[in-house]
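Chains as they are written, first to last, in our numbering: chain A, 1 to 495; chain W, 496 to 990; chain Z, 991 to 1485; chain E, 1486 to 1980. C-beta: ideal position from N, C-alpha, C; glycine also.
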């Protein structure tokens, strides 16, 4: 089982400069609309920030399923007027992905598809299952052959093997076996299905375009096609869309929802409304609160672009200090840009960020970023700002210290490479070479979300990366990483 | 179930000019040799005549399986010194293919691979199963998910689901369920396995290179790498090659073998020894016998190149008439060469064949080809020869009239498009516009094979395309083509 | 002569959504540094905003010239550690380009190269010649064969045909024949040469890295490699860099320089220092002045990203009104993203820009952009902002109305498609569907540049797109577009 | 001048196994026919044996020239029904090439094109100029810029610089300056032009299709499109084809023609009629004469396929010994097939040739090849035949010993690597490990051509590779290889 089949796919190198957690995926689906595939192209383009590694679309044209899956951007793979011909039909689902589980290979790109007894079945998944490995082993022992290393295929295999007759029952059967985080969209020859895990860790919304239903990870995908937001798919809800309308199922025991805070901190696009809140406004409030929690006597507030901009704006407005673009981002960096020579390696950070000397020279500068993960890029930016002539460099993170790994679809480094998991505050100040450093408090973050503070008994959000308080069992992790698990609990004690 | 998932793969167009039956595949395997993959590249290159559409190699390096599968020629995909690095290890299997079952798509290219309970398992197949469809339906109903439309995957799924413990037993379990023709090579993390169906319809041989075992479809693949021929894998035999040596299993009830005659007529390379006989010598004997059965008063014997050459040589030597290259073959025709314009369509045959006027002008010409399938190319060649100035054009087929379809891996047209299935001799003479026409008799073909004549009670070879006498049940065909089956029996009566 | 050779190159489609003038090119050169090519890769990456269509590098390794030219981004074509091997040597020049003259074809991509009597000669050009067509006709009549349709090749052919002995003299000979705008870098087996046209219309600077000279279009390219800015190449200056040092030539009659204002308005990167001025600061001043010239009673200042951001910030600070990111830019748009279907065409603008509803709803909004060219995108953005719920939408252009075409390397639409060339102010207000509209005055722009106002007798900058006052003769235009020229003078009268 | 610009084109590796001289090129042209480009595709396909490295077509559609040039085979690059759309028009020229002069790069692929004063001009060339280097230096000194390293561009530059008014006069002007071998086809907006050098070293013929003129290197290209052969273009003739008909010019002083014998020995296709003689018949006569000059007491005559087949057949018929296919050629070898591993390198020859053991075992074998160049492949084949069990191996070359290099477009190794230039007969017998060795005599070759013997005063053919008697001056060679020239004269003494 521990033997991996390694296909020789062209490798997409991960940008070594990008020290951000990565969102795993975005999903999209439409039902009952001409040009379902072109609309899905636009919808996925609107979700591109959630995954730039690969993209795929599956459609049903009334007689056949068609599918295309590609490495790379939506706009590079689904441009042009022939998409409607290549992918005909009035129902479609789509997926953008950054790989979390499963090696980077075309066969892992979603939507996945299978010919089931009941007919074709395509599925796309945002999230990560915490018992996928255990389920997979059971299935393989029982004779299942997996076509990918993706944990999404576990869902497919479970649906295929369910003893129930109707597809929806088979699908719910499968959902009851899986644990973890998921926003799923699935397509059959009759139905479009959407499902969100009981805690609602990953987002999924329902919109309408000319009356026809649309599913998407974020509202910005609806805006892209001119669709109206209708409502969130609720945590634990399964919606089944047919020609007859929308049917809602709630097959799980009710739990208190805990949507993921990192959607607000970093992943979601600022113009999205996630679980009823403007992401942009939340981020500005994070900055405003930060200005109260960790004020600074500086000349300019400079965001680390692009993700630090709203919080920096909130800080600047709150503190009444000028907001200036002291760091310019170069948007022409391909995913595969490796520094072309050993000797020029140290100028790496400049590939993406450049110091705007006119704004920084002889100034006391406060840098605002959305979060600090490993700290490697933060340090490079601090040095770059100093080289540009800043007199003082202060740093603020608009989210609390990240101390624990995520198992729900966010690709973060191991705990041992998370800066805040390993170092006390004073160490971090030294390591980042800053004049001062401040993190937003956990309660501050809940305040930015509109809560008074965190309710430790029944927290309203998934915040385990800050607190170590995971919403679900971590079956695979516990079984296979017992050593690491010990380490985790150690860290947990420290925290 | 009747919904097909259609991936948009680049289409490889089938040469519309080639009126030949197509061999399905060639297989190759080595065990216990450094450079297993490079050796497999050479071996597959030696088997390239058995399938030019796609090729693949799977290796095991002691820790991982690696695999590459490509559309196109071995020499275009596995050239270069990095093959050994891309595909490391001392055990390898390989496959060249012309598609028979399963659409032309990379996911159908072999070797197929699965992670089974027992570990990785790769398999490559030459032949065709006659009950694949029925088995597939049962498996899907039971929750199996197929990753390809290839009938070879049925074997894989059966192995995955066997209740036996040991891999070899599971594999034999699977073989006992399948019917039809197969020469299989399979690779696990410990074993190289070869298997040949009970009738031995498709060939498979064992050779040695520096003591290490080699499996291949034909001896010419052994010659390519300098390996020595050891013996045929016998019909119904399963050989299991491990570090400990070679173990032979015979899990099937014994039947009289019936290897496929078309290997001798057309498929095998003339320098191969198939089931103990030189293909070149058999073909020359076919020509010699033809000269006796259907003599002709002509000036020159001209082969239809390349496959008609040995029979023409045999005819010429037997009849003591000069052998001349009256038709020149252009070997630079890509697989995808379509005539570039409607208005020049009729000059199609010349893309591959050109008349050598100096040899044909004012001559009585006898053309010798290995067989006549649809007759379309034969007619074009006859016309081309006449246009080049031949006074008379006679035609001889070195094999009997083809009247029945094949279900064991030869891609022949439907019965209604087989010239000899639909037309009486005199009609064929007119349709081909020849001055005379002769086919080798079935007994003549057995004579060329070294038999006295065909033993109708227990024929020594599979010869159903000539006789309608199929060695096995035709489960899928009977179930799904009951109409066609009736038509078949009709034709059978005529014959 | 009027017959064009059309090579079938893959077409790179121009983004139909982008209603911005396009910069033609950026140039870069280094001399006497190990890893000259990797440094040039980084330098060109820093100039990527000046041209995303194609890029090229030429090097000299002491014995041979090597060159690579590609369609697409620097980071997509010159990634990876093998660049230093592919392009060895200690002297290099490079080019990024957006096509102005010459169809989009690889043979037009620069640097261009020729084997001259004196040895190899490579040249890269930013700008546009106004007498290229006339010179080309003369040269062809005299037997010259052009390998491209680029006007840069005229320079090459003139150098080749000069009767002078020394290369530098031959080069200056050529410069004396050409008119228009140019920043040139050239490489021989001994020298790196830089040249700027007499008016200095296009920028060119000199920097140092570890003492070695570097030429670049903008300072941000120096920052990228950690080089120090030394000085501008002066208008009309030719610098010849050899192992012996830097030699400066001034072969032209002295004229009052007129660098192009659009570098400040739009082209140059905000972190660049152009002709001694911070582009970012100039743009903020444009916004500050605009707040004075065209104040507005609004709730939020919203930039049209990315180019409108500094001016919007300047306006907001000047007017003391909140600056908010009311429009979010999607940076994942490939150059070739065409709307995938006719029926979804009208949602085009959203591919690149999305409304941030939370900021806009029920607000009086002032949009600030750097300039208005055709107005098509402006209109779409205004509508999008209204659809997002804005109560009022006001628009400000941080530069004066654009009324005249450019002939110096900026790819603007013809006069008839320039909004301000054809419509009075009130018409524009209606056409753009805004509540108010304001353009910065020409004097206001000069103020932002640090001048009191425009000196109409001897203007300090090229500002013809606003004023119709061209710094040079327009030879080709006058000869070949006499009709259009009349139209131009008409418009000039109106202005 | 000695600095080469090296573009990084994908390298097409030359098959290291192929020990044959290589033909430089084939040319083709049609005028006044719909579907000119598709017809040219077919014509070039018929000439593919003359050059497999690259191919190109240029057309004129009444308003514009269009052109495509590709690396690789005609059938891989010009397949499909869109060729007529990509290359519209009723006049076309085409070229297949194996590189002789000029590195392997797309910019050297023909037809070459230039915009001249008189309009567009495309030209394709088979042959090699012996004073190209000298002319090129003069032209560059005079300011010409070359776009390729091909000697064909010298013709283009000379036409561009001619002081004559009419294009035909300019073209003839250019021809008068060049020396060496050429068959040229050229296309203007009014004319199709064909030209053959004064000695007629390279072939060029005129045919007709539906009355419209067709130019081609060989008659097999006419056969491909169903055109009728009309006549040879005569040595020293320039034909100018317009709507008004065909005009013939003879601008050169008359010399005794000397067409190249190697066209008959190896290059031309056997079904072609070259200078009035059937290539197939000539080759058979070479074999017949060889059987007289160098008889052998053997059991079988085995050709080295494919080029040795007609001579072997002639030998077998002459000597009345059985002709057998003892060596099978594998036609699936890509141009780039490198042995995939060092350790399997020695099995190289088998990639292309396989021994047919059944024919060779225990036999006395006579191998017949068309020629012996370096002898490296001959040795490998001899060894392979012995390993297959041959008792004796005799070798016959159907042409005389090759002792001198060619300068007219045949790519042969340097003299020092020509087996017969360096070794006495007995040495060669030992080196090739044969039981006997025989070469056809020069007089024997003339006899096969229908002459009584070679007329040493006025030889009828170019035969310098055998005799050292070159038809023209060797200007470039004499100037630049004076050392080698001395060596050449030495060898000449020996011969």
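Partners in chain A for residue i, counting only beta-carbon separations shorter than 7 Å
i: residue 656 of chain W; result: 143
Exposure label - residue i; buried when at least 16 CB within 10 Å
i: residue 1071 of chain Z; result: exposed
i: residue 1443 of chain Z; result: exposed
i: residue 914 of chain W; result: buried
i: residue 141 of chain A; result: exposed
i: residue 1718 of chain E; result: buried
i: residue 1023 of chain Z; result: buried
i: residue 851 of chain W; result: buried
Per DSSP, cross-strand counterpart(s) of residue i
i: residue 1409 of chain Z; result: Answer by DSSP bridge pairing: none, since residue 1409 of chain Z is not bridged.
i: residue 184 of chain A; result: A:125 and A:195
i: residue 520 of chain W; result: W:592
i: residue 1433 of chain Z; result: DSSP, once it has assigned bridges, lists no residue as partnering residue 1433 of chain Z.
i: residue 1428 of chain Z; result: Z:1386
Start and end residues, alpha helix (DSSP H) containing residue i
i: residue 1653 of chain E; result: 1652-1662
Residue i (DSSP reduced to helix, strand or coil)
i: residue 356 of chain A; result: coil
i: residue 1371 of chain Z; result: helix
i: residue 856 of chain W; result: coil
i: residue 411 of chain A; result: strand
i: residue 1325 of chain Z; result: Because the pLDDT of residue 1325 of chain Z is 49, which lies under 50, any placement of that residue in the model is unreliable, and the number read from its coordinates should be weighed accordingly. In this structure, residue 1325 of chain Z counts as coil in the three-state DSSP scheme.
i: residue 571 of chain W; result: helix
Distance cut-off 7 Å: residue i Cβ against heavy atoms of the ligand ATP
i: residue 1869 of chain E; result: Although the ligand ATP was asked about, the structure shown includes no ligands whatsoever.
Range covered by the beta strand (DSSP E) that runs through residue i
i: residue 550 of chain W; result: 549-555
i: residue 1717 of chain E; result: 1713-1717
Neighbouring residues, chain A, relative to residue i (Cβ below 8 Å)
i: residue 1322 of chain Z; result: 45, 48, 49, 52, 73, 74 and 75
Under 9 Å from the C-beta of residue i: neighbouring residues of chain W
i: residue 190 of chain A; result: Here the premise fails: no neighbours, minimum Cβ distance about 12 Å.
Amino acids of chain Z, ordered along the chain, whose beta-carbon sits closer than 8 Å to that of residue i
i: residue 1632 of chain E; result: 1135 and 1137
Contact set between residue i and chain Z, taken where Cβ atoms lie within less than 7 Å
i: residue 1641 of chain E; result: 1135
Residue i: contacting residues in chain E (beta-carbon distance under 7 Å)
i: residue 851 of chain W; result: 1755, 1756 and 1765
Residues that residue i contacts on chain W, provided the C-beta gap is smaller than 7 Å
i: residue 284 of chain A; result: Within chain W, no residue comes near residue 284 of chain A; the closest Cβ sits about 44 Å away, beyond 7 Å.
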